Amino acid sequence: VLEEFQQDKLKLAYLHENVTFLFADICGFTSWAKGVDACEVVTMLQKLFAKFDKDSTKFGLYKLCTIGDAYVAVSEPVTAENQDTDPREGMWLVYEMAKAMIGNITE
1 VLEEFQQDKL
11 KLAYLHENVT
21 FLFADICGFT
31 SWAKGVDACE
41 VVTMLQKLFA
51 KFDKDSTKFG
61 LYKLCTIGDA
71 YVAVSEPVTA
81 ENQDTDPREG
91 MWLVYEMAKA
101 MIGNITE
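Residue 73 in the UniProt record's numbering sits at position 73 of the sequence shown, and the numbers go up by one each step.
Written as structure tokens, this is what we have:
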């Protein structure tokens with residue numbers, strides 16, 4: 001993808017098999033955010049997502065994006081370079097990341 005980007009040949013979509021996605025949304029966020037100052041909301045999200053980013057790197061996941069209070073990450077796809085990797089490994093890494101996220105939220 002990077003090479004295609006550099007050559008201005010990006011495709012609309014790419015197919016990757018054996019990838020695990022993590023979609024995390026903060027329960028009760030909208031209700032909580034309505035009752036506090038916007039600066040407090042942004043500060044909280046920055047601190048929390050910084051922890052998530054650190055854990056994402058720790059577990060070898062790629063942060064795809066954040067949308068409001070939602071965090072989306074993905075495991076590395078199995079490719080020719082890492083074809084000996086068990087595809088279930090990505091699932092376990094996402095599981096460990098999810099546990100770490102819960103720990104970060106309850107701190």
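Don't be surprised by glycine CBs; every beta carbon is placed ideally from N, CA and C. Predicted model, so just to flag it, every value in this text is computed and none were measured.
Asked	Found
Assigned secondary structure, K9 (DSSP; H/G/I helix, E/B strand, else coil)	coil
Bounding residues of the beta strand (DSSP E) (the contiguous stretch that carries T66)	Y62 to I67
Backbone CA spacing between residue 114 and E76 [nearest angstrom]	Examination of residue 114 is not possible in this model, given that the chain is present from 1 through 107 alone.
Spatial neighbours of E4 in its chain, beta-carbon cut-off 8 Å, leaving aside the 5 residues before and after	L10 and K11
Residues of its chain near G90, where Cβ-Cβ distance is below 6 Å and the 5 sequence neighbours each way are ignored	T20 and S75
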